[in-house]
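Visitor:
Residue numbers (the numbering used here), protein chains in the order written: chain A, 10 to 484; chain B, 10 to 484; chain C, 124 to 570; chain D, 124 to 570.
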């Protein structure tokens, strides 16, 4: 469709602000632009129609099933949006006096505590803006702790081959080298392999549990023991926490640091890619390394912002993180409560196992048996028909289903990673299960319809080569 | 698509309210239902998806061109929606003490004045809920006035054959008999004919000016003279006020009573059919006949609700009319201001004349010459190709254009009544003009594509006969 | 020239368009209009969004709202829980900026919603047919009386004087010019219900319909079945009801009502200073052709696909002009949408729960208030969520004191019905035990 | 069992599903999970929407907001006009509840918006390439420095000490583990601009980039061209800017910047207690492969129709893991959308007008404040919309008094930079002459 720039017309205006009511101050012309930036000149109705049309080109949770594995595309409650839109939350300046933001500070304080309790951690920072940012924060904490306590030699971090790409990237940004550990045939960390690479210079192990195959690392307590005995810290990637809320806590499993993706597990909307919120929790011994500031409560029950953290790694973001995002997570936690959060995890796992079981009848799973909140299909069984995972993904669009995460984790051939979440009903799952079945049938009988999919979208498959070669990146 | 009832599942819930915190009171079982009403049992995400899907099945102003003649489908500013959603407007109980609603009363008082000034009237009621309701109110005022002043014999009302159906229906509800006056060849009231039927028993003439052909009744001053000399009151149907704001006022033209459709001229959204707001203005001598209550201002600048109106026709609605609707009109008036309202009318007329001129090249107009804010196409020139106005209407949908008002006014064969409004840009009009041209071409070369239209909607032409025969009116 | 964010025309556009039309100036398009107004309108000039919001904030701040204040006031508009989803779906511009579904193929969203709404209302009222909304409760009653007249060609109605006084006023306004008589039926001083003897005395051959409340203005639940038995079959029984109550209480249709109408505001609509809510309107199927307003029906399209259209349009004014069943054109479809979303999210279990909580909370309040000894009961009849008490203290004074405590107290009926020292209290699911206990003990201390 | 409005499972559903899976209970699905938690989480039990809102209203009421209060405070987050349309489009659930456009065919809405956003940012910064947002201004600066290091393989940066102190802190956090050095450049005490001598002295072969503000933290506008001339070509010039200013003032790109970044909040994003806003990030095209974050490109589909895709994903962590240009995954796309809507509605004329009003209003405030004789100028340099003054009275006292008058006064820099008695005042288009006059005459009377 047309770009907003193509809809621009000189002299048209969509804004109206009061006329300048103060005398004009002189300004040296050299400071000013000769030519104005080419922003579109349009008006309200045009802008509204433009975005109305654009919105319809997007798939979204509100529109339909969105089983994007590892992203936990659950329902984003409208109530949370309404409250986050209140002026007394939206129009607060970060440098207001503490007396004038006691509501915000109380929320932050309570949220720090709730997240600590949820993960089994002793202290929590709300600073990080997203999951990867939380990872970086967590790894910086580990680094600073090790350096401060005489472990300068610990320069490496172990990351499973099934891990999210952010894990090695974040560890790298924190100044670590990466050591990859292979998964075993069960899809979990190979303990023997782990022991082998567990040299003295290993600072930390980063794990996702359940891992990206949707499998719980059942040897976690042994891994934890191995790590502890080597003074190696255990880092928990919270991307998959939606499987285990109220069932088991990272802190109890031996993890020392954990980041959460509030936009996954705690229902804040993904907003086309962000903003997220990647809070980080740590055990007591790491508390003094948290980024600053954190919110505390005085003896007089006043909340205040503490910038004075002994060994703090410093700031990771301006101000106090994504307040309007984690506010929604706070509301979600209160809505669901201790009981509801647990129920959410249980039903997320129930949904995934139900789909996996039913779909096992006509598709190959990467690993057999019970999964947690997601599972991975090995799509290579359709190779003989010339159909790839990418083709299946595109064909799903014709059924108003967002494709699962594809070609990840890297260790599964033609991977399709399905995470239904707990907010989908059994009826919806049954329909989707049937849709997948239909597509598998098509692959066998009429593969062309799949290979040329999608058919019902306004745009068909796009030429990525051209896009990467010609780099047309602005109007 | 599926009905919400088909998505219901026993035991599912979308609500959650606090548990009862007071002791239960006994209740005689005879008062209670044995079977609950069959309301759907569902949950938030399902409801959201349901209405998300439904919304997409609607054409709307935000989606595209909506030239529904006589309905003034102009842009509905988002600002007005935001403000009308403020708690201090939305959550006000109508029986609050006056001291606690001074903001509302001030708005009502000012709006009464603005609307009086806009129409040239001396007093205004905000009570009526919609245009037709305003008509009824206005005609009741006329009736009561005549009865009170010794004109009991005046039992008839003259209505042009081009008038909206609500005019005769409302006059009838107010207890009048209807006398139709024919339009002349120019599309305006036939003065000679009018004189002929102007007997002593004529209570009022109801006029729309510009009329439903988009033509200004240029003999209005003469009509007014004729009426006055017969003690006949002049009623102004404000449906087409969007043509003349700030240019000429009904009151100055000799009208005694006027109703406005705030959801047309003053931009409040039509909401799939309502709520509207049909405020009524009257000349000084009718002030004491207004429905009760109205808002007044005390000498101490306090606003109060006056229920004490000498000859009031009584109440026409509970409470004070559609406050949250006319609040939006109030905001619109302040946004546009005296200057902007006039400009809106001028551009509405400009847009209509531009379209009429360009479309005259390939379509027949009901009447030649300059129009006001709308114009009527005589679709009978396509008869020879077997194409009816209804077919054209349906084919327009394939171009994302809402059909114009069709088969109205009744005096034009195969009428299509087009009102572009001032909030459409020249570019948009040019596209629409081209689309119409294409369709006329199609009528001549490929009429079948039109007769089977629409092709791009989810539903094609519906069987109205079956609907009216079988009366399937609930699940 | 000033620029307006809602108007797209550039000077260049205007010039080009004038040229196409063949005139020199916009004023030439008004050459047929008498020059009667040679001044600017006495309305302020346009202001910016920023200043406009400032001005409206100032006015809004002069109001007190019933979310910041506790509310024990009803009298036709009630303070109920509105799930966040209701107004968020209501804000969808595809609903807000569409008009009457004249063109069914591009209005299936509207049409299906109205079909679902009709179904829900029918389920609550226990009658087969519902239209897709009226302006409000009051006009619905008036239209119901007129409809009954069309059905049995009789033009006199008996209306309980316990119907909302404003509704009765509206009925008077509507009926008078039609020479349709309205006579009031007294209430029983003891029970607050309709006075059966009075009703019996007034019934005769001329009567078209009888109108009663369920609950009535004083919150009292009438015995519909008993009344139905008293009045002859050819007289229509019109019941004015509170839709929330119908979630748990017997439906008037099942008890013998012919037409059931009322104010729909309690179903997910904000009080909004009294409007817009909507009127709901339902009747037995045999009367459908005499019904006012828009009705949606299900049918199939050319390809056999199910869809919806407006039906029986020949009853309506745009086709039938002065012979129409009513002059209604715009209705309150958007408010009906809010109600439909509300009912979809609450479901039958939810509405029932709300209804029962209203019953229990208002009775708890009643009992507590009586214990303060500042109030005496007025009626013995069973009530739903509001009730009248005789107050020993000035009700205005009570309300002033309560306002200082951030509560809106009971309705002082003197202003509505003229009855002195009668307070109409209301409690809904939004009134907590804590606040009920507080105001009762506060009132206990008042002298 | 409790019911949750977000969870659809009925007991019957659960039983059927368990049966299909072949287990008896949900806990059987956790048999591989160690039983370490045998208690409920110490988090309150679920509460209803009604009670939740009550609780949040109570907390919200403990805050004062800068719409009810006048605001003369900036320091990185600014109080600007946000047209109503911005958040109303932002609330569209098709944007809010979609994720990263991994699947282009069902994400064209997102992709086109980001392409338009990139264009707008490029227009403001005067550089060819923009990504589709970062977390905030601070992390954008840190990432820009890292990017410069990747480009010229040097690992030392000179940063003006007039960059926002929190941004410098974030840079320190980011750079330290990478053994990337950060050295500060002093400012000229008289002008508030960068100290050119100090800059010259510190430049050497090891320097990867120089970071300056435009305007800097004290509101002062640096001479980018002069600085560009001083630093050798192979050293990258990173400019941290305020995007609103760029609507009227020279673009850093045109003046010689290689990378331009900053906090995007002023473009239509609410202050939100400091987050989320977004970081904008643009550079010369030659550096595109070293850029962090998501970039959208235009291409065609199988039918030759134009469309958009994510490009150069091989820079990103999900493909390249530890070799990626950054670990960034989630960005602030939704905030970028708000900015895109804002820029669409304001247009070039609007942004220019806003920028100039900020300039004029803050200068008017400056002049008036000096006249009160309670303040002395700190710098001579030209400033945009904020400025530092030396206060003769305790700034905390001033702010306390102003708060009583419903104003948030200047930022007390002691809390931010440690400088005593330095007040950072800000004025935007939202500050009226009336309120400027009021606070100045109020401050004049303070002792």
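All C-beta atoms, glycine included, are put in the ideal place defined by N, C-alpha and C.
Comparing C-alpha positions only, which one of A/447, A/60, A/390, A/376 sits nearest to residue 210 of chain D?
Guide: On the fourth chain, position 87 is the one that residue 210 of chain D refers to. Residue A/60 is the option with its Cα nearest to residue 210 of chain D.
Visitor: Taking 6 Å as the limit between beta carbons, can you name the residues of its chain near residue 505 of chain D, skipping five residues before and five after?
Guide: Locating residue 505 of chain D in the fourth chain gives position 382, where the first residue counts as 1. So the list reads 344, once near-sequence residues are dropped.
Visitor: Out of B/247, B/203, B/255, which one is the CA nearest neighbour of residue 231 of chain B?
Guide: For the purposes of this step, residue 231 of chain B is taken as the residue at position 222 of the second chain. Among B/247, B/203, B/255, the Cα nearest to that of residue 231 of chain B is on B/203.
Visitor: Start and end of the beta strand (DSSP E) containing residue 303 of chain B?
Guide: In the second chain, the residue the question calls residue 303 of chain B occupies position 294. Run containing residue 303 of chain B: 303–306, per the beta strand (DSSP E) assignment.
Visitor: Considering only the beta carbon of each residue, do residue 84 of chain B and residue 276 of chain B sit closer than 8 Å?
Guide: Against the second chain, residue 84 of chain B aligns to sequence position 75. Against the second chain, residue 276 of chain B aligns to sequence position 267. Yes, the pair counts as a contact, with Cβ atoms nearer than the cut-off.
Visitor: Check whether chain B comes within 8 Å of residue 124 of chain D, counting only Cβ atoms and requiring the distance to be less than that.
Guide: Within the fourth chain, residue 124 of chain D is the residue found at index 1, counting from 1. Because residue 124 of chain D carries a pLDDT of 44, less than 50, the predicted location of this residue cannot be relied on, and the following value inherits that uncertainty. It does not; no Cβ of chain B falls within 8 Å.
Visitor: Under a three-way DSSP split, which group does residue 221 of chain A fall into?
Guide: Sequence index remark: in the first chain, residue 221 of chain A carries index 212 (1-based). It is coil, neither helix nor strand.
Visitor: State the Cα-Cα distance for the pair residue 545 of chain D and residue 461 of chain D, rounded to the nearest angstrom.
Guide: Here residue 545 of chain D is taken as the residue at index 422 of the fourth chain, counted from 1. Here residue 461 of chain D is taken as the residue at index 338 of the fourth chain, counted from 1. C-alpha separation (whole angstroms): 34 Å.
Visitor: Pull up the CB-CB distance for residue 168 of chain A and residue 187 of chain A, whole angstroms please, since I reckon it's below 8 Å.
Guide: Sequence index remark: in the first chain, residue 168 of chain A carries index 159 (1-based). Sequence index remark: in the first chain, residue 187 of chain A carries index 178 (1-based). Rounded, the Cβ-Cβ distance is 6 Å, consistent with contact.
Visitor: Got a sec, what are the start and stop residues for the beta strand (DSSP E) residue 426 of chain B sits in?
Guide: Taking the second chain and counting its residues from 1, one reaches residue 426 of chain B at position 417. It spans 424–427 - the beta strand (DSSP E) in which residue 426 of chain B sits, taken as one unbroken run.
Visitor: List the residues of chain C that residue 207 of chain D touches, going by C-beta distances under 9 Å, in chain order.
Guide: Position 84 of the fourth chain, counting from 1, holds the residue named residue 207 of chain D. Result: 172, 176.
Visitor: Please state the DSSP three-state secondary structure of residue 500 of chain C.
Guide: The residue given as residue 500 of chain C occupies position 377 in the third chain. Residue 500 of chain C falls in the strand class under three-state DSSP.
Visitor: Helix, strand or coil: how does DSSP classify residue 391 of chain C here?
Guide: By one-based count along the third chain, residue 391 of chain C stands at place 268. Coil.
Visitor: Pop quiz: residue 138 of chain B and residue 330 of chain B are said to be a contact at Cβ under 8 Å. What is the actual Cβ separation, rounded to whole angstroms?
Guide: The residue you call residue 138 of chain B lines up with position 129 of the second chain. The residue you call residue 330 of chain B lines up with position 321 of the second chain. About 6 Å; that satisfies the 8 Å criterion.
Visitor: Helix, strand or coil for residue 511 of chain C? Go by DSSP, reduced to three states.
Guide: Residue mapping note: residue 511 of chain C aligns to position 388 of the third chain, counting from 1. Strand at residue 511 of chain C.
Visitor: Give me the Cβ distance between residue 498 of chain D and residue 515 of chain D, rounded to the nearest whole Å; I'm assuming they're in contact under 8 Å.
Guide: Here the question's residue 498 of chain D lines up with position 375 in the fourth chain. Here the question's residue 515 of chain D lines up with position 392 in the fourth chain. Yes, residue 498 of chain D and residue 515 of chain D are in contact; Cβ-Cβ is about 7 Å, under 8 Å.
Visitor: Using CA coordinates, which residue listed in C/302, C/293, C/292, C/290 is at the minimum distance from residue 181 of chain B?
Guide: Here residue 181 of chain B refers to the residue found at position 172 of the second chain. Among C/302, C/293, C/292, C/290, the Cα nearest to that of residue 181 of chain B is on C/302.
Visitor: Helix, strand or coil for residue 168 of chain D per DSSP?
Guide: The residue given as residue 168 of chain D occupies position 45 in the fourth chain. Reduced to three states, the DSSP call for residue 168 of chain D is strand.
Visitor: Say whether the region 177–186 of chain D touches the region 442–451 of chain D, bearing in mind that this needs 3 or more beta-carbon pairs closer than 8 Å, one atom from each stretch.
Guide: They do not touch, by the three-pair rule.
Visitor: Select from B/199, B/90, B/129, B/95 the residue whose C-alpha is nearest the C-alpha of residue 263 of chain B.
Guide: Walking along the second chain from the start, residue 263 of chain B turns up at place 254. Measuring from the Cα of residue 263 of chain B, the nearest candidate turns out to be B/129.
Visitor: Near residue 354 of chain B, what residues of its chain come up, given a Cβ to Cβ distance below 7 Å and the 5 sequence neighbours on each side ignored?
Guide: Against the second chain, residue 354 of chain B aligns to sequence position 345. So the qualifying residues of the chain are 251, 252, 253, 254, 255, 256.
Visitor: Please state if the CB of residue 431 of chain D and the CB of residue 214 of chain D are separated by a distance shorter than 8 Å.
Guide: Translated into positions along the fourth chain, residue 214 of chain D becomes position 91. Translated into positions along the fourth chain, residue 431 of chain D becomes position 308. In this structure, residue 431 of chain D does not lie closer than 8 Å to residue 214 of chain D by Cβ.
Visitor: Would you mind giving the Cβ-Cβ distance between residue 259 of chain D and residue 386 of chain D, rounded to the nearest angstrom? I have them listed as a contact below 8 Å.
Guide: What you label residue 259 of chain D is simply residue 136 of the fourth chain in a count that begins at 1. What you label residue 386 of chain D is simply residue 263 of the fourth chain in a count that begins at 1. So it is a contact: roughly 6 Å between Cβ atoms.
Visitor: How many angstroms separate the CA atom of residue 124 of chain C from the CA atom of residue 466 of chain D?
Guide: Taking the third chain and counting its residues from 1, one reaches residue 124 of chain C at position 1. Taking the fourth chain and counting its residues from 1, one reaches residue 466 of chain D at position 343. Because residue 124 of chain C carries a pLDDT of 44, less than 50, the predicted location of this residue cannot be relied on, and the following value inherits that uncertainty. Approximately 23 Å between the Cα atoms of the pair.
Visitor: Give me, in chain order, the residues of the same chain whose beta-carbon lies closer than 6 Å to that of residue 206 of chain C; leave out the 5 immediate sequence neighbours on both sides.
Guide: Against the third chain, residue 206 of chain C aligns to sequence position 83. Excluding residues within five positions, the ones whose Cβ falls inside 6 Å are 468.
Visitor: Nearest CA to the CA of residue 390 of chain C: which residue from C/174, C/403, C/378?
Guide: Against the third chain, residue 390 of chain C aligns to sequence position 267. Residue 390 of chain C has its Cα closest to that of C/403, out of C/174, C/403, C/378.
Visitor: For residue 196 of chain D, decide whether its Cβ has a neighbour in chain A, counting only Cβ atoms nearer than 8 Å.
Guide: Stepping through the fourth chain from its first residue, residue 196 of chain D is reached at position 73. Output row for residue 196 of chain D: interface = yes.
Visitor: Identify which residue in C/524, C/153, C/494, C/219 has its Cα closest to the Cα of residue 351 of chain B.
Guide: Counted from its first residue, the second chain places residue 351 of chain B at position 342. Here the closest residue by C-alpha is C/153.
Visitor: Considering only the beta carbon of each residue, do residue 82 of chain B and residue 222 of chain C sit closer than 8 Å?
Guide: Numbered from its first residue, the second chain carries residue 82 of chain B at position 73. Numbered from its first residue, the third chain carries residue 222 of chain C at position 99. Yes; because the gap between Cβ atoms is below 8 Å, this pair is in contact.
Visitor: Under DSSP, the alpha helix (DSSP H) around residue 456 of chain B begins and ends at which residues?
Guide: In the second chain, the residue the question calls residue 456 of chain B occupies position 447. Segment 456–460, the alpha helix (DSSP H) holding residue 456 of chain B.
Visitor: I need the straight-line Cα distance from residue 449 of chain D to residue 141 of chain A, nearest angstrom please.
Guide: The count along the fourth chain starts at 1 and reaches residue 449 of chain D at position 326. The count along the first chain starts at 1 and reaches residue 141 of chain A at position 132. Whole-angstrom Cα-Cα distance: 10 Å.
Visitor: Under 8 Å between the Cβ atoms of residue 374 of chain B and residue 445 of chain B?
Guide: Residue 374 of chain B sits at position 365 when you count from the first residue of the second chain. Residue 445 of chain B sits at position 436 when you count from the first residue of the second chain. Against a cut-off of 8 Å, the Cβ pair of residue 445 of chain B and residue 374 of chain B comes out as no contact.
Visitor: How would you write the range of the alpha helix (DSSP H) that residue 400 of chain A sits in, first residue to last?
Guide: Reading the first chain from its first residue, position 391 is the one you call residue 400 of chain A. From DSSP, the alpha helix (DSSP H) with residue 400 of chain A extends over 398–406.
Visitor: Suppose contacts are defined by Cβ-Cβ distances below 8 Å. Is residue 327 of chain A in contact with residue 542 of chain D by that definition?
Guide: Working through the first chain from its first residue, we reach residue 327 of chain A at position 318. Working through the fourth chain from its first residue, we reach residue 542 of chain D at position 419. Going by C-beta atoms, residue 327 of chain A is not nearer than 8 Å to residue 542 of chain D.
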